[in-house]
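Mapped onto mature numbering (1 follows the signal peptide of the UniProt record, and there is no 0), the consecutive letters of the sequence shown carry residue numbers -19 to -1, 1 to 741. Glycine residues also receive a C-beta, built at the ideal position from the N, C-alpha and C atoms. First comes the structure, then the notes that go with it.
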Amino acid sequence: MVGVYVMLGSVITTTVAQALPQALPDCPDKCGNLTIPYPFGIGVSCYMEGFDITCNTSTESPTALWGNIIIVTAFSLDEAEMQVQQYIARDCYDEQGNKMINNDPSLSLPPPFTISDTKNKFIAVGCDTIALFQGFRGEERYITGCMSFCDSLGSVDQDSCSGIGCCQTNIPSGMTNRTVELTSFNHHSDIWGFNPCSYAFIVEEGEFKFSNKTFQQLDKLENVPMILNWAIGVEEDPCDEAQKRQDYVCKGNSTCVNPINRSGYVCKCKKGYEGNPYHPNGCQDIDECSLPNINPCTNGTCSNLPGSHTCLCPTGYTIDSVNGTSCLKNPPTSNNNSLKISVGVIAAFFVLLVVFFCLYCGMKRRQFKKQQDKFFKQNGGLFLRQQLASYNGSVEAAQIFTEAELEKATNNYNEERKIREDGYGVVYKGNLSADHHNKVVAIKKSKVSAPITETQSLKFVNEVIVISQIHHKNVVRLLGCCLETQTPILVYEYISHGTLHDHIHRKDKKYPRLPLDLRLKIAADTAEALSYLHHYTEPPIIHRDVKAMNILLDQKYTAKVADFGASKLVPDQDEGQLSTLVHGTLGYLDPEYLQSHRLTEKSDVYSFGVVLVELITSQKALSSNKKSEVDRNLANVFVRAMKEGCLDEILDAEIAKEGEGFEKVVETVADLANRCLRLRGEERPSMKEVAVELGGLLKIMGKNSDERKADFKRSQETDQETKYLLGSPANFVVDMSSVEYDHSMQTQHIQLVKPYGDGR
């Protein structure tokens, strides 16, 4: 059997009849033997923006090119897919182990095109092969890959890409670009005689067959087929919004569909119609009565209708009430007794059906309640209830919420209630019932769905007890939890004015630009909260995921540290260090913690240093639009700029120009951030020292802030007309002159309730 085979036009085909219109009027619809369906097209005004095709007639057989580069070999309107040809990555060596050929092909797709995660596989071939596939989904980078090793051609698995000679892995969903990289351990020196090269590629599933002949076949093959998904538009909620616009495409007899794991929307012909759903007159009625070798009306006459058909039955026949596709002969007239018996049997059947349905529903309710009770016990609910009862009102403890209460509060976790989402969970805005004083809360539902052990549940309960007793003006309060689900759900107080990340980077311009004094106040608030967690709680708490997204702001721009899902309580005997699995966010992670897995309070200091750099540069902690890997990390760029004396090149120039002497303040903050970002944790300041230093800076700036307040207020009033179009205008004037660094919370060394049992 041939090891590699490619099917260009037979796998993906347009399913509409070729007699129906495919291209717009007066536009070519063919490139060689390939039909080009709209929204794709050849020539001016023949395609939708981003869907232009060039027909290269200089080759032996005309070739369709997308973007003048990518070869297109098939289209599927039904699946919103197209088949393209992609180059194979190669890594070849000579007999002495010297690299002869190395190419790492890359691909970058414009929205709304993505690499199909359901129709493609990433495959690597070779006996000394390490293959990596990396790309971006939105602004987050992903890396995956596989390895393949073997000593001889005889050890290679025949007809199986299982890891010996060939390995494969899945493609992440929503990928818009990709780079394939190849390397080896021994430069193929031990296996050069039968395998001098490694190969890697993304290929349409089913289009590649591995055998011991594949090594030689791939040497002569340049590209393989790959499937791309496409859609119309890039909106997050496409169909609802797209139907309101004049450029809406799904008209006539087509309907709009939201694709899974993709932006934009796709069109489908309505039931009873076929053709090109994107073409203005593409979906035409199917004449069921004229279909060959099919009689849709047994014993009757078929009459076609727009989008359907009907059956006309002759005398003595009645239309089939079940499916309406045949005429049934009327039964002979029966006497009243037979009719009564039939009615009685049918009635009895329906009574039994209702009884069985009620029993089934009752059984399902009992099973659901039993499962809730199981999760409640498994997650430590009995232990938590026992500990809360032991306080007898002496402290304000956490509340235990039911699953039904949180579902009602979030309208069954409606998408419109979603506040934010990260790699660990989704946060919803919830409105509790009158039993909980109609309180507005933030409900965090974990993305992880896995049972926890008894030891883990005991630790979780201890952490809930301790963290729920934290009362600090700059820390978001944990109000309670729900333990009736497989993974516990956490309930926090609701903070109404977005995250620091939203305010700094202003993706949708919803918030006004933050002036320097307000940024400094937010930094001081955050430092005070972390200092409190590190030095004034017992046991101390390490946040472990300090980032701009986890710093919330209220209407008065008071910063509140949120999201303790990754936090660790530090036992006394560990002397401030914990050995843990690395947990955090790229761009903010302490490199010392990443390397040693030893967690200390100084890991939070490093992450806070990154936040300080964000505040004075207005740049993101991790950027996806930089070519160099080092330049993508803001902390690396900042430390290098400080070392080379070129800090001005990365600072937000507008901040330093806001007032007299602001350049010196920015330099002072930059110096503090630089100390927080030192590689060795012992060389970094403590959060207590950071808080005191920022508090002092804030006092100095607060003495002469009246003029800056007035300017900031005028800028708000200028934006109010726009705000009224979107909703109520924000009221966020802050009296910086009245702000003083608050030591009151720091001087209260609060002894929280000690954790029980095996608490962290």
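Query, Result
"DSSP puts Thr195 in a beta bridge; with which residues?", "DSSP, once it has assigned bridges, lists no residue as partnering Thr195."
"Just to confirm before moving on: does the CB-CB distance between Tyr62 and Asn257 stay below 7 Å?", "According to the sequence as given, residue 62 is Glu; it is not Tyr. The answer is no: Cβ separation not under 7 Å."
"If Tyr254 and Asn274 are in contact, beta carbons under 8 Å, what's the gap, nearest whole angstrom?", "Their Cβ separation, rounded to whole angstroms, is 21 Å, which puts Tyr254 and Asn274 out of contact at 8 Å."
"Give me, in chain order, the residues of the same chain whose beta-carbon lies closer than 8 Å to that of Asn158; leave out the 5 immediate sequence neighbours on both sides.", "Ser87, Leu88, Ser89, Leu90, Gly116 and Phe117"
"Assign Asp72 to one of three DSSP states: helix, strand, or coil.", "strand"
"Report the rounded CA-to-CA distance for Leu514 versus Ile503, giving the unit in angstroms.", "17 Å"
"Measuring straight from C-alpha to C-alpha, what distance separates Leu134 and Glu203?", "23 Å"
"Please classify Phe619 as buried or exposed, where buried requires at least 16 neighbouring CB atoms within 10 angstroms.", "buried"
"Asp483 lies in the alpha helix (DSSP H); which residues open and close that run?", "Leu481 to His486"
"Just the Cα atoms here: how many angstroms apart are Lys351 and Phe441?", "22 Å"
"In angstroms, rounded to a whole number, what distance separates the CA positions of Thr291 and Val238?", "28 Å"
"Evaluate Ser609 with the Cβ neighbour count: other Cβ atoms within 10 Å of its Cβ, from every protein chain shown; 16 or more gives buried, anything less gives exposed.", "exposed"
"Measure the beta-carbon distance from Pro277 to Thr306 and round it to whole angstroms, keeping in mind my assumption that it falls under 8 Å.", "6 Å"
"Does DSSP put Thr382 in a helix, a strand or coil?", "First, the amino acid is wrong: residue 382 is Phe here, not Thr. In the structure shown, Phe382 sits in a strand (DSSP, three-state: E or B)."
"Does the distance from the C-beta atom of Ile470 to that of Lys426 stay below 7 Å?", "yes"
"To which residues of the same chain is Glu644 closer than 7 Å at the C-beta, ignoring the five residues directly before and after it?", "Ala637"
"Can you tell me whether Ile322 sits near the ligand ADP, meaning its C-beta is under 6 Å from at least one heavy atom of the ligand?", "Here there are no bound small molecules, and the ligand ADP is not part of this structure."
"What's the C-alpha gap between Gly676 and Gly590?", "16 Å"
"May I have a chain-ordered list of the beta strand (DSSP E) segments no shorter than 3 residues that lie completely inside the stretch 22 to 54?", "34 to 37 and 44 to 47"
"Should Cys73 and Pro6 be called a contact, given that it needs their Cβ atoms to be closer than 7 Å?", "no"
"Indicate the three-state DSSP secondary structure (helix, strand or coil) for Cys270 in the structure shown.", "helix"
"Considering only their Cβ atoms, is the gap separating Leu459 from Ile446 smaller than 7 Å?", "no"
"Would you give the residue range spanned by the alpha helix (DSSP H) that Lys669 belongs to?", "Met668 to Gly683"
"Under the assumption that Gly565 contacts Asp526 (Cβ atoms under 8 Å), give the Cβ distance between them as a whole number of angstroms.", "5 Å"
"Distance, Cα to Cα, Val303 vs Asn280?", "16 Å"
"Can you give the Cα-Cα distance for Ser192 and Ile145, rounded to whole angstroms?", "11 Å"
"With respect to the alpha helix (DSSP H) encompassing Gly568, which residues constitute its N-terminal and C-terminal limits?", "Per DSSP, Gly568 belongs to no alpha helix (DSSP H) and is neither H nor E."
"Near residue 743, what residues of its chain come up, given a Cβ to Cβ distance below 6 Å and the 5 sequence neighbours on each side ignored?", "Missing from the structure shown is residue 743; the chain here goes from -19 to 741 and no further."
"So, for Gly557: in the same chain, excluding its five sequence neighbours on each side, which residues have a beta-carbon less than 8 Å away from its beta-carbon?", "Confidence at Gly557 is low in this model, with a pLDDT of 48, below 50, so its placement is unreliable and the value that follows should be read with caution. Taken in chain order, the residues that qualify are Pro521, Val551, Thr581 and Glu582."
"Which stretch, first to last residue, makes up the alpha helix (DSSP H) that contains Gln367?", "Gly362 to Tyr372"
"Alpha carbon to alpha carbon, how far is Gly126 from Leu575?", "22 Å"
"Below 7 Å CB to CB, which residues in the same chain sit around Ala508 once its five sequence neighbours on both sides are set aside?", "Phe589, Met668, Val671, Ala672 and Leu675"
"Any idea what DSSP makes of Tyr587, helix, strand or coil?", "helix"
"What did DSSP end up calling Cys248 once you bin it into helix, strand or coil?", "strand"
"Sort out for me which residues DSSP pairs Ile82 with in a bridge.", "Cys73"
"How would you write the range of the alpha helix (DSSP H) that Pro206 sits in, first residue to last?", "No alpha helix (DSSP H) holds Pro206; the beta strand (DSSP E) holding it covers Asn204 to Asn210."
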